[in-house]
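Chains as they are written, first to last, in the UniProt record's numbering: chain D, 1 to 494; chain G, 1 to 408.
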């Protein structure tokens, strides 16, 4: 046998970033351009960058295999790096996949933090016209994406159900030729669910997304109605959807007001009781009416982060007891960290998802790059409108607004992000920075978006590095969307 | 363990050729339509093995290519090909396709009806020299396999089944392999092809486009990858630069939308970084459909490299488990082949396949009284004591239940 030893050429560094998590002997997180990562000690990093790393050690091979270094005259890792980069940014190939139709601004709630300004129940001039809806369906099919999500938003979209019906029927008629994979979702309080709506949803395989902010005392405080029965009516709606369309046909999102942060366990218990298998613990957005009542409702991101860590620990304990409940944002971040794939989540992309990944057709016929952008409109900022629903998609995506957003929408090139070890897993959110800092680039030091993602990613990386077997298995079960019992051991930690 | 060749006495054979062996009933019912592709009566060797003497005379007047009766000393001479007096009369059976030549009494079975391991053998040549190669390559010009395999495709049975394409390294005969894939698509599109290749030649630009053009509907490439780094992989295959070429080949297959399986032979050289290899595959080759981890076959070059290669399977259950579970959790299928069940960590049972081809699989004395012989892959024919795990033992029914999850 011939012993093949590569010549002792020195190695070279490939682009990577690093971050100090703590002082432990694996306290440095190194991330490669591809999103692969390793934990190193300070001394190892020193050896690595000074090219004094001994060859033929496991660490040396790890660094080679994960494309942190390469050997001159040795294997050229560019094909693998290109393949990984292509997988990670694959969302760019499809064009806008998420299409939000704001069929009405009318709503029966008077939520203090309302994310999307609303109009009174009987108000007029706040519904999407049939003519605008027809144009919006044309825009939808101008997107090259083979997979499309049609989401109905409001206000309360069930208050304009005729428009919902018109759009679903038009989309399906058109799709008999287009043959795209299309998913319909109605974002609703479910208070106005009737048999006619359920029949239609059943016939057209429509899913529902509702808001459930926790137990009644939290939900009803967050979401006032004249009858003070928002929680009970939403639960009733959830029950009816499940009876008719199946358990999976309704999912729920949580909005966290300042007071909610005191009750992580009560909120999670409510989701367990209502038999959801996923919960999404989102901080309050600086949009809609929330901005004007910020004093009362807003909270420092640090408070949210503390809440989130407590909630995550509780969720891991519950999962260990056999209760299947995943946290949506953690699941997304884990996909970004542990796989070469994109999650498809539009708010955590680089280039930013606004416009490129999602479009919003507003009730007034305006087209916006994201839900948040049209909420700014309701706050008096018309600047982020791409154009009218009557213009072709090509024109809309060439609007100056898209130029502005994209010039601030590539995280790898933004100050503060360019050298952040988390940039492979994170995204750019020029609209949030525009809303909070009046500048789409924004300053990371004052960025709530950055503060949140930094804290959550650090927390997850620590759990992945230090967590016991149960923690690993629970997080991996969220990643894999499988029951914990199907993951008897966590396998290689990577 | 039925051999794939034996010797016959032959008569009237003037040229090397292939025959489809058919029993009288099938010949009458289907004629040449018993073959998947273009065949006529001249391609058929009529099986006289079970016919009463009275019928033989009558049948010997049929206008077929010839007659075969492995147990008969002689047949009346009709001027057509005759095969008689087989060394092993069981080797050739009706439905099989055989290769015969006037130069030799050897008869090779190229296709055995109903077998799980039929193979289009492409060449003895190879551009690697893997330390554990079970069929060491020979540097010969054996292009004649191409023509033989093209003929074979016409004569196999129609219908769904798996057909292997192997060598040596089948991609070394580029035009020949593409011609075979193209013909397979036309003649036997329902048969799934499994091509064993090191993928190195596929790095050459052009292969991808040609594979895309051939567009075979059901073909999987089984490509070995032995490490997550070039030095370790190139050492196992004893070829400098092989790792780089194989990776480029894998990407060429992905671009041509081919189905790809990665094959890893478990040895002292591959086991230490098995979890890291699984990680490498998932991160860099996410299009891979299946990862096969395979026990060593103690034959060929492996015997020369026993010391470098041998590791008791009991001693690699931990890294093997890390790799399999890592892939499983990430949605990538993996399988364990060529290992006796009794050495396996029970949590790996879901990945275990009773895999060693029918004709290779056997049991040893220690296995007597084992409850698992119907669930176990057993040993290769070449098995010998120095390749035997210290974990080999008869399993009791209760122990078997830990693997199968079924109570005894």
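Beta carbons are placed, not taken as given, at the ideal position from N, Cα and C, and that holds for glycine.
All values derive from a computational prediction rather than experimental measurement.
* Asked: When the Cα atoms are used, what is the spatial distance from residue 283/D to residue 255/D?
  -> Working through the first chain from its first residue, we reach residue 283/D at position 283. Working through the first chain from its first residue, we reach residue 255/D at position 255. Between residue 283/D and residue 255/D, the C-alpha separation is close to 7 Å.
* Asked: Which residues, taken in chain order from the segment 220-238 of chain G, show a beta carbon closer than 7 Å to some beta carbon of chain D?
  -> 228, 229, 230, 231, 234, 235 and 238
* Asked: Between the segment 331-344 of chain D and chain G, which residues of the former have CB atoms less than 8 Å from a CB of the latter, in chain order?
  -> 338, 339, 340 and 341
* Asked: Looking only at DSSP bridge pairs, what is residue 283/D linked to?
  -> Start at 1 with the first residue of the first chain, and residue 283/D comes out as number 283. DSSP output for residue 283/D lists 256/D as bridge partner(s).
* To do: Spell out a yes or no on whether the segment 100-111 of chain G and the segment 26-38 of chain G are touching, meaning 3 or more CB-CB pairs, one atom from each, closer than 8 Å.
  => no
* Please determine, among 281/D, 402/D and 39/D, the residue with the shortest C-alpha to C-alpha distance to residue 421/D. => As a working mapping, residue 421/D is identified with position 421 in the first chain. The candidate whose alpha carbon is nearest that of residue 421/D is 39/D.
* To do: Check whether the Cβ atoms of residue 343/D and residue 279/D sit closer than 9 Å, and answer yes or no.
  => Position 343 of the first chain, counted from the start, is the residue given in the question as residue 343/D. Position 279 of the first chain, counted from the start, is the residue given in the question as residue 279/D. No, the pair does not count as a contact, with Cβ atoms beyond the cut-off.
* Listed in chain order, which residues of the segment 272-298 of chain G have Cβ atoms closer than 7 Å to some Cβ of chain D? -> 273, 275, 276, 278, 279, 280, 283, 284 and 286
* Should residue 58/D be labelled buried (16 or more other beta-carbon atoms within 10 Å of its own) or exposed? -> Here the question's residue 58/D lines up with position 58 in the first chain. Per the 10 Å Cβ criterion, exposed.
* Asked: The beta strand (DSSP E) spanning residue 47/G covers which residue range?
  -> In the second chain, counting from the first residue as 1, residue 47/G sits at position 47. Per DSSP, residue 47/G belongs to the beta strand (DSSP E) from 44-47.
* Asked: Residue ranges of each alpha helix (DSSP H) run of no fewer than 4 residues wholly in the segment 162-209 of chain G, ordered along the chain?
  -> Those alpha helix (DSSP H) runs which fall completely within the segment 162-209 of chain G and span 4+ residues are 174-187.
* Of the residues that make up the segment 315-334 of chain G, which ones have a beta carbon closer than 9 Å to any beta carbon in chain D? -> 319, 321, 322, 323, 324, 325, 326, 327, 328, 329, 330 and 331
* Asked: In the segment 176-262 of chain D, which residue ranges form an unbroken beta strand (DSSP E) of at least 3 residues, counting only runs that do not cross its ends?
  -> 181-187, 206-211 and 250-256
* What runs of the alpha helix (DSSP H), each 4 residues or longer, lie entirely inside the segment 330-383 of chain G? -> none
* Helix, strand or coil for residue 34/D, going by three-state DSSP, please let me know. => Within the first chain, residue 34/D is the residue found at index 34, counting from 1. Residue 34/D: coil per DSSP, three-state reduction.
* residue 218/G (DSSP reduced to helix, strand or coil) -> For the purposes of this step, residue 218/G is taken as residue 218 along the second chain, with counting starting at 1. Residue 218/G falls in the coil class under three-state DSSP.
* Checking contacts by CB at 9 Å: is residue 27/D closer than that to chain G? -> Residue mapping note: residue 27/D aligns to position 27 of the first chain, counting from 1. False, the Cβ-Cβ gap to chain G never drops below 9 Å.
* Any chain D beta carbon closer than 9 Å to residue 408/G -> Residue mapping note: residue 408/G aligns to position 408 of the second chain, counting from 1. Legend: pLDDT at residue 408/G = 48, less than 50; position of this residue unreliable, value from coordinates given subsequently. Taking Cβ atoms only, chain D never reaches closer than 9 Å to residue 408/G, which makes this a no.
* Asked: So which of 237/D, 459/D and 75/D has the shortest CA-CA distance to residue 329/D?
  -> Reading the first chain from its first residue, position 329 is the one you call residue 329/D. For the residues 237/D, 459/D and 75/D, the minimum Cα distance to residue 329/D belongs to 459/D.
* **residue 69/G - partner residues in DSSP beta bridges** => The sequence position of residue 69/G within the second chain is 69, counting from 1. 84/G, per the DSSP bridge assignment.
* Asked: Are the beta-carbon atoms belonging to residue 103/D and residue 138/D less than 9 Å from one another?
  -> Here residue 103/D refers to the residue found at position 103 when the first chain is read from its first residue. Here residue 138/D refers to the residue found at position 138 when the first chain is read from its first residue. Cβ distance not < 9 Å, so residue 103/D and residue 138/D don't count as in contact.
* Measure the Cβ-Cβ separation of residue 107/D and residue 34/D and say whether it is below 9 Å. => Translated into positions along the first chain, residue 107/D becomes position 107. Translated into positions along the first chain, residue 34/D becomes position 34. Against a cut-off of 9 Å, the Cβ pair of residue 34/D and residue 107/D comes out as no contact.
* **Residues in the segment 247-260 of chain G having any Cβ partner in chain D nearer than 7 Å** => 247, 248 and 251
* Mind listing, in chain order, the continuous beta strand (DSSP E) runs of no fewer than 3 residues lying wholly within the segment 235-282 of chain G? => Listed in chain order, the complete beta strand (DSSP E) runs (minimum 3 residues) inside the segment 235-282 of chain G are 259-265.
* If you drop the 5 nearest sequence neighbours on each side, which residues of the same chain put their C-beta closer than 6 Å to that of residue 463/D? -> Your numbering for residue 463/D matches position 463 in the first chain. 471, listed in sequence order.
* Between the segment 380-394 of chain D and the segment 441-448 of chain D, do three or more beta carbon pairs fall short of 8 Å? -> no
* Asked: Can you list, in chain order, the residues of its chain whose CB lies under 7 Å from that of residue 372/D, leaving out five sequence neighbours each side?
  -> Within the first chain, residue 372/D is the residue found at index 372, counting from 1. Contacts found: 285, 287, 431, 432 and 435.
* Inter-stretch contact (C-beta, 8 Å, three-pair minimum) for the segment 181-190 of chain G and the segment 139-158 of chain G -> Contact between the segment 181-190 of chain G and the segment 139-158 of chain G is present, with at least three C-beta pairs closer than 8 Å.
* My understanding is that residue 249/G touches residue 200/G, with C-beta atoms under 8 Å, so please give their C-beta distance in whole angstroms. => Walking along the second chain from the start, residue 249/G turns up at place 249. Walking along the second chain from the start, residue 200/G turns up at place 200. So it is a contact: roughly 6 Å between Cβ atoms.
* For chain G, find out if any of its Cβ atoms is closer than 9 Å to the Cβ of residue 492/D; answer yes or no. => The residue you call residue 492/D lines up with position 492 of the first chain. Answer yes: the Cβ-Cβ gap between residue 492/D and chain G drops below 9 Å somewhere.
* At a Cβ threshold of 9 Å, is residue 9/D touching chain G? -> Along the first chain, one-based indexing puts residue 9/D at 9. Only weak support is given to the placement of residue 9/D: the predicted model assigns it a pLDDT of 49, under 50, and the question is left unresolved by the model.
* **Cut-off 8 Å between Cβ atoms - residues of its own chain near residue 139/G, not counting five sequence neighbours on either side** => To locate residue 139/G, count along the second chain from 1; it is residue 139. Cβ within range, chain order: 125.
* Asked: According to DSSP, is residue 294/G helix, strand or coil?
  -> What you label residue 294/G is simply residue 294 of the second chain in a count that begins at 1. In the structure shown, residue 294/G sits in a strand (DSSP, three-state: E or B).
* Own chain partners of residue 81/G with C-beta closer than 8 Å, once the 5 adjacent residues on each side are dropped -> Translated into the one-based positions of the second chain, residue 81/G becomes position 81. So the list reads 10, 11, 12, 13, 19, 45, 65, 66, 67 and 100, once near-sequence residues are dropped.
* Under 9 Å by beta carbon: chain D residues contacting residue 121/G -> Indexing the second chain from 1 puts residue 121/G at position 121. Those within 9 Å of residue 121/G in chain D number zero; the least Cβ separation is about 26 Å.
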